[in-house]
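Asks: For the protein sequence lines, the chains are P and W, in the order given. Start counting the first sequence at 1; every next residue gets the next number (the working numbering). Start counting the second sequence at 1; every next residue gets the next number (the working numbering).
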Amino acid sequence: MSIPGLHLTQIGRGDFLLDPSKSLNTRNSGQLIEAISARLLQARAVRLYYDLSDQSLIDPVYYAWLDMLARAMQAINVRMICIQMQPTAAFALSRFLQEMPQFETALDIDDWR
Amino acid sequence: MVTKKSSSEKIKSLFGLKISGIAPELEASGIKYFCGDQRLMDSEEVTDISLEFESLIVSLLGSVDPYDVQSPEFHALESFFGSLSQQVLMRGGHVEDVVRYTQTLHLGLIDALSKSSGIAFSESRTVLLYFTGIFNELIMAVFRAYLEERESTMQALQAEIRETATPITEIWDGVLTLPIIGTLDSSRTMLVMEALLNRIAKDHAKAVVMDLTGVKSIDSQVSHHLIQMVRAVQLMGSDAIITGIHPEIARALVSLNIDFNNITTRASMSDGLKEAFSRMGITVSH
């Protein structure tokens with residue numbers, strides 16, 4: 001199933017890797033969340049790893065997208081884990097974050113497992 | 001344009017490739033400024049630089065347009081003064097030494113050229129203006145080299161201070177320790193945070209123990225930065241453990257309404273390390 005702006009790949013039983021590309025348009029967050037949820041529900045996913053390795057900065061707009069996706073994942077009982085957050089992104093995000101986010105974080109997939 | 005062209009021709013016809021053997025006359029300025037009390041160079045080095053200068057100035061005077069400060073011949077002369085300036089500064093000399101050397105060389109060159117040709121160039125407006133223009137550019141090259149050298153020295157010093165202010169150590173595979181000693185102000189906290197986050201990414205650290213035993217006081221802004229630092233560490237996927245909080249710091253944090261939810265604290269560095277090891281499944285026994 002192709003979702004514009006991201007690659008969603010099954011990497012194990014119940015595990016999916018979401019790799020956003022540069023063309024990801026978070027203004028279509030509603031449609032994106034619907035498409036991702038549909039794919040994960042169909043495959044009975046348990047965990048969703050969101051790869052942030054190419055995201056050098058997380059601003060409030062991008063965080064709003066991550067937060068919305070994390071809430072949607074909670075609703076369908078999928079754990080969302082953001083992996084490989086860059087130091088610059090963590091620094092920027094920590095500056096405006098008031099509380100810990102809805103998603104979990106890990107250095108990488110192996111570290112989480 | 002016509003004047004400049006005719007001046008250029010005049011300079012070329014006066015000096016073009018006809019100068020030789022003036023280097024010994026130019027050594028006096030080098031000896032005066034570089035072989036004095038400071039002993040920045042020995043006399044052999046001064047001879048070498050005088051010979052090199054002679055060869056470069058002869059090339060410039062014999063070039064297509066001796067006025068052209070973009071010509072390869074002029075760039076070579078500029079680089080010579082840049083390198084000389086760096087060499088003197090690295091040996092503990094001052095920029096004034098090189099500037100005064102250049103100024104004396106300017107006068108010495110006109111004298112040497114007058115002697116070798118038998119023409120009193122000190123009375124020729126064209127020649128004086130030409131060499132003044134050239135030597136002004138060369139003094140600029142000396143200052144540029146000085147500023148570059150100073151800038152790189154300052155950057156090296158700042159890097160050293162940053163390094164010593166943030167002694168982040170990987171005490172075990174994947175476990176970093178960061179003892180914070182002295183006063184924590186906002187700019188230092190930012191430096192520590194930057195170094196720590198980069199180190200987590202580089203070493204793939206799973207836990208960070210931040211020890212505040214050496215911190216005697218903390219203000220509102222810094223405490224927020226501290227929490228921000230812990231949050232950033234957690235966002236990268238590592239565990240942050242704060243240890244060694246003094247009673248005064250604890251009191252300050254409470255009065256500042258700092259939320260310690262989701263933040264692991266331990267009394268001492270050793271307790272913090274035990275906690276980090278236990279989270280990684282490592283058992284330490286006596």
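We put the CB at the ideal spot given by N, CA and C, even for glycine. Note that the coordinates shown come from a computational prediction; the quantities given were computed from them, not determined experimentally.
How long is the line joining the alpha carbons of W/Y33 and P/I58, rounded to whole angstroms?
Replies: What you label residue 33 of chain W is simply residue 33 of the second sequence in a count that begins at 1. What you label residue 58 of chain P is simply residue 58 of the first sequence in a count that begins at 1. Computed Cα separation, rounded: 57 angstroms.
Asks: Suppose the cutoff is 6 angstroms on Cβ atoms and the five residues either side in sequence are ignored; what does the same chain contact list for W/V2 look like?
Replies: Residue mapping note: residue 2 of chain W aligns to position 2 of the second sequence, counting from 1. Any reading at W/V2 needs caution, since the residue's pLDDT is 45, under 50, leaving its predicted position unreliable; the model's value is listed next. Here the set comprises nothing.
Asks: Jot down the residue ranges of each uninterrupted beta strand (DSSP E) in the segment 228 to 275 of chain W, minimum 3 residues, whole runs only, in chain order.
Replies: 239 to 243 and 264 to 266
Asks: Going by the DSSP bridge assignment, what does W/M36 pair with across the sheet?
Replies: Here residue 36 of chain W refers to the residue found at position 36 of the second sequence. Note on identity: in this sequence residue 36 of chain W is Gly, with Met being the wrong assignment. Per DSSP, none; premise fails for W/G36.
Asks: Name the chain P residues whose beta carbon is nearer than 7 angstroms to that of W/A159?
Replies: Against the second sequence, residue 159 of chain W aligns to sequence position 159. The premise fails here: W/A159 is roughly 18 angstroms from chain P at the closest Cβ pair, so nothing lies under 7 angstroms.
Asks: Since P/T26 meets chain W, which of its residues come closer than 8 angstroms, beta carbon to beta carbon?
Replies: Numbered from 1 along the first sequence, position 26 holds the residue referred to as residue 26 of chain P. Here the premise fails: no neighbours, minimum Cβ distance about 19 angstroms.
Asks: Name the two residues that bound the continuous alpha helix (DSSP H) containing P/M80.
Replies: Within the first sequence, the letter at position 80 stands for residue 80 of chain P. From DSSP, P/M80 is part of no alpha helix (DSSP H) but of the beta strand (DSSP E) over R79 to I83.
Asks: Which residues bound the beta strand (DSSP E) around W/E170?
Replies: As a working note, residue 170 of chain W is residue 170 in the second sequence. Here the beta strand (DSSP E) through W/E170 covers T169 to W172.
Asks: Would you mind listing the beta strand (DSSP E) stretches within the segment 194 to 226 of chain W that are 3+ residues and don't spill past its ends, in chain order?
Replies: 207 to 214
Asks: With a cut-off of 7 angstroms, does the C-beta of P/P87 fall near any C-beta of chain W?
Replies: Position 87 of the first sequence holds residue 87 of chain P. Judged by the 7 angstroms Cβ criterion, P/P87 is in contact with chain W.
Asks: Please state whether the Cβ-Cβ distance between W/H225 and W/T189 is less than 7 angstroms.
Replies: Taking the second sequence and counting its residues from 1, one reaches residue 225 of chain W at position 225. Taking the second sequence and counting its residues from 1, one reaches residue 189 of chain W at position 189. Yes.
Asks: Counting only Cβ pairs nearer than 7 angstroms, list the residues of chain P close to W/A232.
Replies: For the purposes of this step, residue 232 of chain W is identified with residue 232 of the second sequence, where counting begins at 1. Around W/A232, the beta-carbon contacts reaching into chain P at under 7 angstroms are A90, F91 and S94.
Asks: Check whether the Cβ of P/M73 lies closer than 7 angstroms to any Cβ atom in chain W.
Replies: The sequence position of residue 73 of chain P within the first sequence is 73, counting from 1. Chain W contact via Cβ: absent.
Asks: Which word fits W/P66, buried or exposed, when buried means at least 16 other C-beta atoms lie within 10 angstroms of its C-beta?
Replies: For the purposes of this step, residue 66 of chain W is taken as residue 66 along the second sequence, with counting starting at 1. Its Cβ being crowded by 16 or more others within 10 Å, W/P66 is buried.
Asks: Please compile the residues from chain P whose C-beta is within a distance smaller than 8 angstroms of the C-beta of W/Q228.
Replies: Within the second sequence, residue 228 of chain W is the residue found at index 228, counting from 1. Residues of chain P whose Cβ lies closer than 8 angstroms to the Cβ of W/Q228 are, in chain order, S94 and R95.
Asks: Measuring only the C-alpha atoms, how far is W/N257 from W/I245?
Replies: Translated into positions along the second sequence, residue 257 of chain W becomes position 257. Translated into positions along the second sequence, residue 245 of chain W becomes position 245. So the two alpha carbons sit approximately 16 angstroms from each other.
Asks: Ignore the nearest five residues each way along the sequence and tell me which others in W/G93's own chain have a CB closer than 8 angstroms to its CB.
Replies: Here residue 93 of chain W is taken as the residue at index 93 of the second sequence, counted from 1. Excluding positions up to five away in sequence, the list reads F34, Q38 and L40.
Asks: Against chain P, with Cβ distances strictly below 7 angstroms, would W/H224 count as a contact?
Replies: As a working note, residue 224 of chain W is residue 224 in the second sequence. W/H224 does not count as touching chain P.
Asks: Does the segment 146 to 155 of chain W touch the segment 180 to 194 of chain W, meaning 3 or more C-beta pairs lie closer than 8 angstroms?
Replies: No, the segment 180 to 194 of chain W is not in contact with the segment 146 to 155 of chain W.
Asks: From the beta carbon of W/H75, is the nearest beta carbon of chain P less than 7 angstroms away?
Replies: Stepping through the second sequence from its first residue, residue 75 of chain W is reached at position 75. Output row for W/H75: interface = no.
Asks: Could you list which residues in chain P have their beta carbon closer than 8 angstroms to that of W/A23, in chain order?
Replies: On the second sequence, residue 23 of chain W is found 23 positions in, with the first residue counted as 1. Near W/A23 there are no residues of chain P at all, since even the closest Cβ is about 56 angstroms away, more than 8 angstroms.
Asks: Please report the straight-line C-alpha distance between W/V88 and W/V46, rounded to a whole angstrom.
Replies: Within the second sequence, the letter at position 88 stands for residue 88 of chain W. Within the second sequence, the letter at position 46 stands for residue 46 of chain W. About 12 angstroms.
Asks: Residue ranges of each alpha helix (DSSP H) run of no fewer than 4 residues wholly in the segment 114 to 188 of chain W, ordered along the chain?
Replies: The DSSP assignment places 125 to 165 as complete runs of the alpha helix (DSSP H) inside the segment 114 to 188 of chain W, in order along the chain (cut-off: 4 residues).
Asks: Hey, could you find the ends of the beta strand (DSSP E) P/D108 is sitting in?
Replies: As a first step, residue 108 of chain P must be located in the first sequence, where it is residue number 108. Segment: none, P/D108 is in no beta strand (DSSP E) and carries neither H nor E.
Asks: Counting along the chain, where does the alpha helix (DSSP H) carrying W/P72 start and finish?
Replies: Along the second sequence, one-based indexing puts residue 72 of chain W at 72. W/P72 -> alpha helix (DSSP H) spans P72 to M90.
Asks: Closer than 8 angstroms, Cβ to Cβ, to anything on chain W: give me those residues from the segment 44 to 60 of chain P, in chain order.
Replies: Under the 8 angstroms Cβ criterion, the segment 44 to 60 of chain P contributes no residue.
Asks: For W/H106, which residues of its own chain have a beta-carbon under 7 angstroms away from its beta-carbon, when the five flanking residues on both sides are left out?
Replies: As a first step, residue 106 of chain W is located in the second sequence; it is residue number 106 there, counting from the start. Once the five neighbours on either side are set aside, the close Cβ partners of W/H106 are F131 and F135.
Asks: At a cut of 8 angstroms, does the segment 157 to 176 of chain W reach the segment 97 to 104 of chain W through at least three beta carbon pairs?
Replies: no
Asks: Are the C-beta atoms of W/A276 and some chain P residue less than 7 angstroms apart?
Replies: By 1-based counting over the second sequence, the position of residue 276 of chain W is 276. Taking Cβ atoms only, chain P never reaches closer than 7 angstroms to W/A276, which makes this a no.
Asks: Just verifying my parser: in three-state terms, what is the DSSP assignment at P/L48?
Replies: By one-based count along the first sequence, residue 48 of chain P stands at place 48. In the structure shown, P/L48 sits in a strand (DSSP, three-state: E or B).
Asks: Could you give the first and the last residue of the continuous alpha helix (DSSP H) run that contains W/L60?
Replies: Counting from 1 along the second sequence, the entry for residue 60 of chain W is found at position 60. W/L60 -> alpha helix (DSSP H) spans S43 to L61.
Asks: Can you give the Cα-Cα distance for P/S37 and P/S94, rounded to whole angstroms?
Replies: Translated into positions along the first sequence, residue 37 of chain P becomes position 37. Translated into positions along the first sequence, residue 94 of chain P becomes position 94. Each residue's alpha carbon lies about 28 angstroms from the other.
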